[in-house]
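**Student:** According to this note's numbering, the residues represented by the sequence shown are 105 to 689, in order. What follows is a single structure, and I will ask about it in a moment.
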Amino acid sequence: MKELKHLNKYFSKYKTHLIIGGIITVAARIFLLYTPRYVKRIFVAIERYDEAKITSDVFKTELTQAIIWIIGAALIAGVLTFFMRQTIINVSRYIEFDLKNEIYEQYQKLSLNFYKNNRTGDLMNRITEDVGRVRMYAGPAIMYSINTVALFVVALIYMFKAAPTLAMYTILPLPILSVIIYKLSREIHNRSTIVQEYLSKLSTFTQESFSGISVIKAYGIEGQTSSNFNSLALESKEKQVNLAKVQAWFFPMMILLIGTSNLLVIYFGGMQYINGEIESIGTIAEFIIYVNMLTWPVATVGWVTSIVQQAEASQKRINQFLKLEPEIKNTVETATEITGDITFTNVSFTYDDTNIQALKGVSFNVKQGETLAILGKTGSGKSTILDLIGRLYDIDSGAIAINDTNIEKHNLYTLRDNIGYVPQDAFLFSDSIKNNIKFGKEDATDEDVIEAAKNAQVHKNIKKFSNGYDTVLGERGITLSGGQKQRVSIARAIIKSPKILLFDDCLSAVDTETEEKILKNLNKISKGKTSIIVSHRVSSAKNATKIIVLDDGKIVQEGTHESLINQDGYYKDLYLKQISEGSSK
Numbered sequence: 105m106k107e108l109k110h111l112n113k114y115f116s117k118y119k120t121h122l123i124i125g126g127i128i129t130v131a132a133r134i135f136l137l138y139t140p141r142y143v144k145r146i147f148v149a150i151e152r153y154d155e156a157k158i159t160s161d162v163f164k165t166e167l168t169q170a171i172i173w174i175i176g177a178a179l180i181a182g183v184l185t186f187f188m189r190q191t192i193i194n195v196s197r198y199i200e201f202d203l204k205n206e207i208y209e210q211y212q213k214l215s216l217n218f219y220k221n222n223r224t225g226d227l228m229n230r231i232t233e234d235v236g237r238v239r240m241y242a243g244p245a246i247m248y249s250i251n252t253v254a255l256f257v258v259a260l261i262y263m264f265k266a267a268p269t270l271a272m273y274t275i276l277p278l279p280i281l282s283v284i285i286y287k288l289s290r291e292i293h294n295r296s297t298i299v300q301e302y303l304s305k306l307s308t309f310t311q312e313s314f315s316g317i318s319v320i321k322a323y324g325i326e327g328q329t330s331s332n333f334n335s336l337a338l339e340s341k342e343k344q345v346n347l348a349k350v351q352a353w354f355f356p357m358m359i360l361l362i363g364t365s366n367l368l369v370i371y372f373g374g375m376q377y378i379n380g381e382i383e384s385i386g387t388i389a390e391f392i393i394y395v396n397m398l399t400w401p402v403a404t405v406g407w408v409t410s411i412v413q414q415a416e417a418s419q420k421r422i423n424q425f426l427k428l429e430p431e432i433k434n435t436v437e438t439a440t441e442i443t444g445d446i447t448f449t450n451v452s453f454t455y456d457d458t459n460i461q462a463l464k465g466v467s468f469n470v471k472q473g474e475t476l477a478i479l480g481k482t483g484s485g486k487s488t489i490l491d492l493i494g495r496l497y498d499i500d501s502g503a504i505a506i507n508d509t510n511i512e513k514h515n516l517y518t519l520r521d522n523i524g525y526v527p528q529d530a531f532l533f534s535d536s537i538k539n540n541i542k543f544g545k546e547d548a549t550d551e552d553v554i555e556a557a558k559n560a561q562v563h564k565n566i567k568k569f570s571n572g573y574d575t576v577l578g579e580r581g582i583t584l585s586g587g588q589k590q591r592v593s594i595a596r597a598i599i600k601s602p603k604i605l606l607f608d609d610c611l612s613a614v615d616t617e618t619e620e621k622i623l624k625n626l627n628k629i630s631k632g633k634t635s636i637i638v639s640h641r642v643s644s645a646k647n648a649t650k651i652i653v654l655d656d657g658k659i660v661q662e663g664t665h666e667s668l669i670n671q672d673g674y675y676k677d678l679y680l681k682q683i684s685e686g687s688s689k
């Protein structure tokens, strides 16, 4: 139960609802237990009438009063039970809402390394399936537990008050029940953990398959993928069946033990009645009703125990992520000024997941209003520089300064709010084109959206769609071509008019003519802003204030376009190669 202690703060938050629900539950059980008492009175009245101790009129009066009490008590118990469910079950929904928000907020705080080491399907399963199982504990399990305890306490008081010895015989099977529940619960906990792990594997597999469906179809491996899914599903089914086999013991055992209690009531109650130890056969009828009223609560003990064990297994998986400390922390609460001056001083960085050193002693400076172009071979560390400016990672050694202040001493959210970033792999959301562009500035007007699209040279393409800017994109923007996705991403970055613009090879999928137009527009709108362009094309870099060339994480060339084409090296070779390719087309 220690994993479920995390929920105590939510129980405290909604304690008023739970207390009211508990009081209603106890009241409902008290009224429900009027039935066996008045059934006993009916039997007593029958016996007295049979023995001519009361008249027919008195018998009818007592019978009518007993029936009215039984019906009235049942109606009141029913109404109270309705409010009990409304009160306690609603709390479980509130807790589910709060817990999902807590998990989602934690997911957003965690660094990129976390997402590199964990699969999307598993993350989704923890915020859906696992939270769902925890909700069952926070609602139904608690409600039935209160219900069972209240019913047992009240029923046992009535039973011992009516016939102490018979009550002792009736509850004899309960210790046996406790031992069985304890042993089965431990096994259910172990098997529930395994089941949840396999659910995560299934979620991950299906999520990746759906995301990569175009690749699966292109390679014609639908059959192999289905076979792999079938194998994983069969393993998951086997684990589910193993869990169900253990859970299946609960209800038969409950019925057996309740049946045993009924037999004990009939046998020992009958013997006591014969010996004159109990005054009426109605007492036996009353006890049989008590035992059968306890049948469902006793049966739910097993069900509730199963829920608690599954919830603990799920909460343990949730806590594993909630307890993680974000690697990137905001150390400054107040907003900090960002103008655009960027300085790298002997910066080195190694990726934790691959242990690859991406940067080795990199130093450069970009002033506000300047444009820096970064070129180099694949894997030379170009994109890493952009990630470090956005503080998506923290460096190993050296220093990064924004406005002559160490980047770690800037408010993290102010820093990122002043950056417009266009990633190499343009990611668009399954929403309208307009909202994808407004993602960079939620309060942007339609005119702002159109202006940004025009500057990104994608306005004419959007207008050709039947719904224009209201066209809803498929997952990851699959509705658009590669070049259109890149240009919508550029529009999303420039609409917010940030102090720093980062472009990570974001023109690779557009033709040279469109590239030239976009670069011309970017030069116009980036006046007074700091721009860093990562590219494999000299055409994207030639107008930059400064150009650096990376190789194996080190700066091997630095200068302007004119100076670099006049010195031997990577930049000149790339320039001559691209000039040659352009002239041959």
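Ideal Cβ placement from N, Cα and C applies to all residues, glycine included.
What does a CB cutoff of less than 6 angstroms around Q414 pick up in its chain, not counting 5 residues either side in sequence?
**Tutor:** Working through the sequence shown from its first residue, we reach residue 414 at position 310. For Q414, where only same-chain residues beyond five positions count, the Cβ hits under 6 angstroms are R237, S296.
**Student:** Please confirm whether V451 and I504 have their CB atoms less than 8 angstroms apart.
**Tutor:** Position 347 of the sequence shown, counting from 1, holds the residue named residue 451. Position 400 of the sequence shown, counting from 1, holds the residue named residue 504. Contact flag set, yes.
**Student:** Which residues does DSSP list as the beta-bridge partners of N469?
**Tutor:** Counting from 1 along the sequence shown, the entry for residue 469 is found at position 365. In DSSP, N469 forms a bridge with T447.
**Student:** Would the region 384-392 and the region 265-282 be scored as touching if the rule is three or more Cβ pairs under 8 angstroms?
**Tutor:** yes
**Student:** Run through the DSSP bridge pairs and tell me what T634 is partnered with.
**Tutor:** By one-based count along the sequence shown, residue 634 stands at place 530. In DSSP, T634 forms a bridge with I604.
**Student:** Is it true that the CB of L303 sits closer than 8 angstroms to the CB of L336?
**Tutor:** The residue labelled residue 336 in the question sits at position 232 within the sequence shown. The residue labelled residue 303 in the question sits at position 199 within the sequence shown. Not a contact, by the Cβ cut-off of 8 angstroms.
**Student:** V642 and Q590 look like a contact to me (Cβ under 8 angstroms); what is the Cβ gap, rounded to whole Å?
**Tutor:** Mapped onto the sequence shown, residue 642 falls at position 538. Mapped onto the sequence shown, residue 590 falls at position 486. The pair is not a contact, with the Cβ atoms about 19 angstroms apart (cut-off 8 angstroms).
**Student:** In whole angstroms, what separates the C-alpha of D234 from that of Y208?
**Tutor:** Counted from its first residue, the sequence shown places residue 234 at position 130. Counted from its first residue, the sequence shown places residue 208 at position 104. One C-alpha to the other measures close to 13 angstroms.
**Student:** Around the Cβ of S229, are there at least 16 other Cβ atoms within 10 angstroms (buried) or fewer (exposed)?
**Tutor:** What you label residue 229 is simply residue 125 of the sequence shown in a count that begins at 1. Reading off the sequence, residue 229 comes out as Asn, not Ser. N229 is buried by the Cβ-count criterion.
**Student:** Return the residue from the list N515, N559, M247, T447 that minimises the CA-CA distance to V405.
**Tutor:** As a first step, residue 405 is located in the sequence shown; it is residue number 301 there, counting from the start. When C-alpha distances from V405 are compared across N515, N559, M247, T447, the shortest belongs to M247.
**Student:** So with Cβ pairs under 8 angstroms, would you call S635 a contact of chain C?
**Tutor:** The chain labelled as chain C is not found in the depicted structure, where only one protein chain is given.
**Student:** What residues match up with Q212 in a beta bridge as DSSP calls it?
**Tutor:** In the sequence shown, residue 212 corresponds to position 108, counting from 1. Note: Q212 sits in no beta bridge, so no partner.
**Student:** Would you call the CB atoms of Y517 and A597 closer than 8 angstroms?
**Tutor:** Locating residue 517 in the sequence shown gives position 413, counting from the first residue. Locating residue 597 in the sequence shown gives position 493, counting from the first residue. Contact flag unset, no.
**Student:** Under 8 angstroms, do A530 and S593 count as touching if we go by C-beta distance?
**Tutor:** As a working note, residue 530 is residue 426 in the sequence shown. As a working note, residue 593 is residue 489 in the sequence shown. Yes. Within cutoff.
**Student:** When the Cα atoms are used, what is the spatial distance from F453 to I285?
**Tutor:** Here residue 453 is taken as the residue at index 349 of the sequence shown, counted from 1. Here residue 285 is taken as the residue at index 181 of the sequence shown, counted from 1. Near 54 angstroms, if we compare the C-alpha coordinates of I285 and F453.
**Student:** Rounded to whole angstroms, what is the Cα-Cα separation between T232 and N194?
**Tutor:** Here residue 232 corresponds to residue number 128 of the sequence shown, with the count starting at 1. Here residue 194 corresponds to residue number 90 of the sequence shown, with the count starting at 1. Within the model, the alpha-carbon separation for T232 versus N194 is close to 18 angstroms.
**Student:** Rounded to whole angstroms, how far is the Cβ of T129 from the Cβ of A254, which I believe are closer than 8 angstroms?
**Tutor:** Mapped onto the sequence shown, residue 129 falls at position 25. Mapped onto the sequence shown, residue 254 falls at position 150. That belief holds up - the Cβ atoms of T129 and A254 are roughly 5 angstroms apart, short of 8 angstroms.
**Student:** Between V576, D608, Q210, N539, which lies nearest to I523 when the distance is taken from Cα to Cα?
**Tutor:** Counted from its first residue, the sequence shown places residue 523 at position 419. Among V576, D608, Q210, N539, the Cα nearest to that of I523 is on D608.
**Student:** When the Cβ atoms of the region 636-656 are set against those of the region 664-678, are three or more pairs found closer than 8 angstroms?
**Tutor:** yes
**Student:** What does the alpha-carbon distance come out to for the pair K398 and L338?
**Tutor:** Here residue 398 corresponds to residue number 294 of the sequence shown, with the count starting at 1. Here residue 338 corresponds to residue number 234 of the sequence shown, with the count starting at 1. Reading the sequence as shown, one finds Leu at residue 398 and not Lys. L398 and L338: Cα-Cα distance of roughly 39 angstroms.
**Student:** Between the Cα of A763 and those of I180, I171, K144, spot the shortest distance and give me the residue it belongs to.
**Tutor:** It is not possible to answer for residue 763, since the shown part of the chain is limited to 105 through 689.
**Student:** Would you say G225 and Q311 are within 8 angstroms of each other, going by their C-beta atoms?
**Tutor:** What you label residue 225 is simply residue 121 of the sequence shown in a count that begins at 1. What you label residue 311 is simply residue 207 of the sequence shown in a count that begins at 1. Cβ distance < 8 angstroms, so G225 and Q311 count as in contact.
**Student:** Go through its chain and collect everything with a Cβ distance to T409's Cβ below 6 angstroms, but skip five positions before and after it.
**Tutor:** Start at 1 with the first residue of the sequence shown, and residue 409 comes out as number 305. Counting only Cβ-Cβ distances below 6 angstroms, and skipping sequence neighbours, we find I285, S289.
**Student:** What three-state label does DSSP hand I325 in the structure shown?
**Tutor:** The count along the sequence shown starts at 1 and reaches residue 325 at position 221. In this structure, I325 counts as coil in the three-state DSSP scheme.
**Student:** To which residues does DSSP link Y525 through a beta bridge?
**Tutor:** Residue numbering aside, residue 525 sits at position 421 when the sequence shown is read from its first letter. Answer is L606.
**Student:** Kindly indicate which three-state DSSP category A439 falls into: helix, strand or coil?
**Tutor:** Looking up residue 439 in the sequence shown gives position 335. In the structure shown, A439 adopts coil according to DSSP, grouped into three states.
**Student:** Taking the alpha carbon of I630 as the reference point, which residue from T575, T443, L479, F533 has its own alpha carbon closest?
**Tutor:** If you number the sequence shown from 1, residue 630 lands on position 526. According to the sequence provided, residue 630 is Ser. The question's Ile does not apply to it. Ranking T575, T443, L479, F533 by Cα distance to S630 puts T443 first.
**Student:** Quick one: Cα of D500 to Cα of N217, how far?
**Tutor:** Within the sequence shown, the letter at position 396 stands for residue 500. Within the sequence shown, the letter at position 113 stands for residue 217. C-alpha separation (whole angstroms): 15 angstroms.
**Student:** Using the three-state DSSP reduction, which class does S313 fall into: helix, strand or coil?
**Tutor:** Here residue 313 refers to the residue found at position 209 when the sequence shown is read from its first residue. It is helical.
**Student:** With a Cβ-Cβ cutoff of 8 angstroms, do G657 and L463 count as a contact?
**Tutor:** Position 553 of the sequence shown, counted from the first residue, corresponds to residue 657. Position 359 of the sequence shown, counted from the first residue, corresponds to residue 463. Yes. Within cutoff.
**Student:** At 3 residues or longer, and completely inside the region 173-232: list those beta strand (DSSP E) runs for me, N to C.
**Tutor:** none
**Student:** With contact counted as at least three CB pairs below 8 angstroms, one residue from each stretch, are the region 424-440 and the region 259-269 in contact?
**Tutor:** no
**Student:** Does DSSP put A462 in a helix, in a strand, or in coil?
**Tutor:** Here residue 462 refers to the residue found at position 358 of the sequence shown. Here A462 sits in strand by DSSP.
**Student:** E662 lies in the alpha helix (DSSP H); which residues open and close that run?
**Tutor:** Here the question's residue 662 lines up with position 558 in the sequence shown. Premise fails: E662 lies in the beta strand (DSSP E), 658-663, not in any alpha helix (DSSP H).
**Student:** By alpha-carbon positions, which one of T575, A560, E579 ends up nearest to E617?
**Tutor:** Taking the first residue of the sequence shown as position 1, residue 617 is located at position 513. With distances taken between Cα atoms, E617 lies closest to A560.
**Student:** Helix, strand or coil for T509 per DSSP?
**Tutor:** Looking up residue 509 in the sequence shown gives position 405. Of the three classes helix, strand and coil, the one that applies to T509 here is strand, per DSSP.
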